[in-house]
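Enquirer: Order-wise, the sequence lines are chains A and B. For the first sequence, counting from 1, position 184 maps to 184 in the numbering used here; every step adds exactly one. For the second sequence, counting from 1, position 126 maps to 126 in the numbering used here; every step adds exactly one. Backbone N, C-alpha and C define an ideal beta-carbon position, used for all residues, glycine too.
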Amino acid sequence: MSTNLKRIIAFAINDFSRNKGISIAAIFVLTITIMLVTGLFFFQGMAGYLTTQIQNKIDITAYFNEGAKEQDILDVKDEIVKMSPNIKNIEYVSKDQALESFNEKHKDNPVLAQALEEVGNNPFLPSLNITTNGDPSQYAQIANILQTSDFSKLINKVDFSQKKNTIEQVYAITSNINIFGIILGILLIIVAILVVFNTIKLAIDNSREEINTMKVVGASNGFIRGPFVIQGIIYGFIAFLICFVISGIFAFLLSSKVGVILPGFSMFGYFLTNWWIFVLIQLGFGIGVGTISAFLVVKRYLEV
Amino acid sequence: MIKFNNVTKIYSPETTVLHDVSFEIKEGEFVSVVGKSGVGKTTLVRLILGLEAPTSGEVYFRGLNLNALDNIGIQEIRRKIGCIHQDYKLLSKKTVYENVAYIMQVEGKENAEIESEVHKVLEVIGLKDKVNNFPDQLSGGEQQRLAIARALVNQPDIIIADEPTGNLDPYNTYEVISLLQKINKTGKTVILSTHDREIINKLGKRVITLEAGKIVRDEEAGKFII
């Protein structure tokens, strides 16, 4: 390590420990803002989980004519997979499976069982049950394939048109949640950056005269700026450590409560699965904003 | 060593601080720049340090036009100048030792050399018992001595003292001026900016007198006449 770099680091550590009040204030503000960004990441995770859950529950069913052969239906299935490879799932349900499923579902309802007996034969039609990636345009595309391809003569009805409004509404809601999240996130991050910038500016304002003196005695810009930038890194790193521990504890404590609102979603599990993203976000934001703020503030004073 | 060539400094259309100033200071000279407060003495010092650029004209340091130098060039020049300011310009968050050592650290000197030189200069200046004190724990006289120690430690080619006795009592004033005379006797160039009549008249050295931003007198063994 060069002598100058060693000196710059030593100056930074000295200044950091001698200005405890300012250092603590800067770390506190950075911690709060990193927590805010972390909160947004948790929110994004929960919103993502919620939209996936909703989208997974929406499917499209194509009912085939009474006499349609199984092989023809499986050909339709292959055609759909070929033309629309992004679909999540496609399942063939035969007449017998449909009846079995109905009986299983309504085994405690004697009225329905009796009604079915009166009909005499199996009234269910064979079908293809398709789950897409949630995008309404994909639903429309599949419905289009089913209705216009050569296979349309085999198909009795497609329930897309009945579900169309619901699908579009759900898609609009999930899109809005994402857009709202992104806008809110950007706004909050801008506010956070401004708050951190101003806190670091206040911390460095205190040293304005010193910066001027350093210039007068012939110190290079790097030699003057270095200790402040390294202090920014120290602020950011300490704030990151605090935030990472707090996020883990919060995720653990709130996990069961969030699980009640959002069944199946484990906040702590989300934290553990994505721990490295949390590290990147918190460390990147903390050190990034701390360092860039210090760099910009000192640069301004060096130009005066 | 230093040459001002038709230097004019205008801060705003209404404020012309220096007007067509020309003079030259040779190596080893002791030159006093005198004039009332606000006459442009500090601006003159700032021009030599490259902290201001002239509105017109040129300032030369050993033949180098300061205006034509880049940032690194200006920093090199500043390191050759030991400057003592009226407001001391000490680094308030550094100890007495660190204040003096900083000047050598800026130059990239080795730690062993820094330690030896700093202790030596602090002993000469009478601050060896206060190495761990911060500037705000020193008296006015001690702060001024620290500023002098800082200006001397790098053994600069030239010492510029801008109103160095402005905040000092007569005893400390005498001490500072004696020290500047001793430094000059070692062959260093000294530029003293002051409005203290008594000091100038006792020195019997070259005096440049400024009035309303112009040089009205430049005399060897001059007197304070305003």
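Any beta carbon from chain A within less than 8 Å of Lys-9(B)'s own beta carbon?
Expert: It does not: the Cβ of Lys-9(B) has no partner Cβ on chain A nearer than 8 Å.
Enquirer: Exposed or buried, which one is Arg-83(A) when buried takes at least 16 other CB atoms within 10 Å?
Expert: Here the sequence assigns Met to residue 83(A), which means Arg is not the residue at that position. By the neighbour-count rule (16 or more Cβ atoms within 10 Å), Met-83(A) is not buried but exposed.
Enquirer: Among all the DSSP beta bridges, which residues are the ones paired with Glu-58(B)?
Expert: Glu-58(B) pairs with Asn-5(B).
Enquirer: Please check the pair Phe-268(A) and Phe-252(A), which I expect to be a contact at CB under 8 Å, by giving their CB distance rounded to whole angstroms.
Expert: Rounded, the Cβ-Cβ distance is 5 Å, consistent with contact.
Enquirer: Which residue marks the beginning of the beta strand (DSSP E) containing Ser-127(A), and which one marks its end?
Expert: Note, Ser-127(A): beta strand (DSSP E), 127 to 131.
Enquirer: With 8 Å as the C-beta to C-beta threshold (strictly closer), list the residues of the region 268 to 297 of chain A near chain B in chain order.
Expert: Under the 8 Å Cβ criterion, the region 268 to 297 of chain A contributes no residue.
Enquirer: Residues of chain A with CB closer than 7 Å to the CB of Glu-12(B), please, in chain order.
Expert: Before going on, a small fix: residue 12(B) reads as Ser here, not Glu. By Cβ distance, chain A contributes nothing, its closest Cβ being about 17 Å from Ser-12(B), past 7 Å.
Enquirer: Mark Phe-180(A) as exposed unless 16 or more other C-beta atoms lie within 10 angstroms of its C-beta, in which case mark it buried.
Expert: By the 10 Å Cβ count, Phe-180(A) comes out exposed.
Enquirer: Here's the rule I'm using: 16 or more other beta-carbon atoms within 10 Å means buried, otherwise exposed. How should Arg-79(B) be labelled?
Expert: Classification for Arg-79(B): buried.
Enquirer: Identify the continuous alpha helix (DSSP H) that holds His-19(B) and give its terminal residues.
Expert: Looking at the DSSP string, His-19(B) is not in any alpha helix (DSSP H); the run it does join, the beta strand (DSSP E), is 15 to 25.
Enquirer: Can you confirm whether Ser-92(B), when its beta carbon is compared against all beta carbons of chain A, has any partner nearer than 8 Å?
Expert: Taking Cβ atoms only, chain A reaches closer than 8 Å to Ser-92(B), which makes this a yes.
Enquirer: Considering Thr-227(B), what are the terminal residues of the beta strand (DSSP E) in which it resides?
Expert: Within the shown structure, residues of chain B are numbered from 1 to 226, placing residue 227(B) beyond reach of any answer.
Enquirer: Mind listing the chain A neighbours of Gln-143(B)? Cutoff is C-beta to C-beta under 9 Å, in chain order.
Expert: Neighbours of Gln-143(B) on chain A: none; closest Cβ ~13 Å, over 9 Å.
Enquirer: One question on the structure: do Ile-167(A) and Ile-22(A) come within less than 8 Å of each other, judged by their Cβ atoms?
Expert: No, these two residues do not count as a Cβ contact at 8 Å.
Enquirer: Give, in chain order, every residue of the region 214 to 233 of chain A whose Cβ lies closer than 8 Å to some Cβ of chain B.
Expert: So the close ones are Met-214, Lys-215, Val-216, Val-217, Gly-218, Ala-219, Ser-220, Asn-221 and Phe-223.
Enquirer: Work out the CA separation of Gly-284(A) and Phe-228(A) for me, nearest whole Å.
Expert: In a straight line, the C-alpha of Phe-228(A) is about 18 Å away from that of Gly-284(A).
Enquirer: Taking Cβ positions only, does Ile-191(B) come closer than 8 Å to chain A?
Expert: No, because no Cβ of chain A sits closer than 8 Å to the Cβ of Ile-191(B).
Enquirer: According to the neighbour-count rule (16 or more other Cβ atoms, all chains shown, within 10 Å of its Cβ), is Glu-313(A) buried or exposed?
Expert: Residue 313(A) falls outside the range modelled here, since chain A spans only 1 to 304, and no answer is possible.
Enquirer: Give the interface partners of Gly-108(B) over in chain A, defined as CB-CB distance under 7 Å, in chain order.
Expert: Here the neighbours are Thr-3 and Asn-4.
Enquirer: Among the candidates Gln-282(A), Ser-207(A) and Asn-89(A), whose CA atom is the shortest distance from the CA of Gly-39(A)?
Expert: Out of Gln-282(A), Ser-207(A) and Asn-89(A), Gln-282(A) has the C-alpha closest to the C-alpha of Gly-39(A).
Enquirer: Where in the region 178 to 212 of chain A do unbroken runs of the alpha helix (DSSP H), each at least 4 residues long, occur, reported from the N-terminal end onward?
Expert: Listed in chain order, nothing qualifies, since the region 178 to 212 of chain A has no complete alpha helix (DSSP H) run of 4 or more residues.
Enquirer: As a quick exercise: from Lys-20(A), Phe-237(A) and Thr-131(A), pick the residue whose alpha carbon is nearest that of Thr-52(A).
Expert: The candidate whose alpha carbon is nearest that of Thr-52(A) is Thr-131(A).
Enquirer: Against chain A, which members of the region 42 to 55 of chain B pass a CB distance test of less than 8 Å?
Expert: Listed in sequence order: Leu-49 and Leu-51.
Enquirer: In chain A, which residues lie with their C-beta within 8 Å of the C-beta of Lys-230(B)?
Expert: The question about residue 230(B) has no answer here: the residues shown for chain B are numbered 1 through 226.
Enquirer: State buried or exposed for Gly-108(B), treating a residue as buried only when at least 16 other CB atoms are found within 10 Å of its CB.
Expert: With fewer than 16 Cβ atoms within 10 Å of its Cβ, Gly-108(B) is classed as exposed.
Enquirer: Could you please tell me which residues of the region 204 to 222 of chain B, in chain order, have their CB closer than 7 Å to any CB of chain A?
Expert: The region 204 to 222 of chain B vs chain A, Cβ under 7 Å: nothing.
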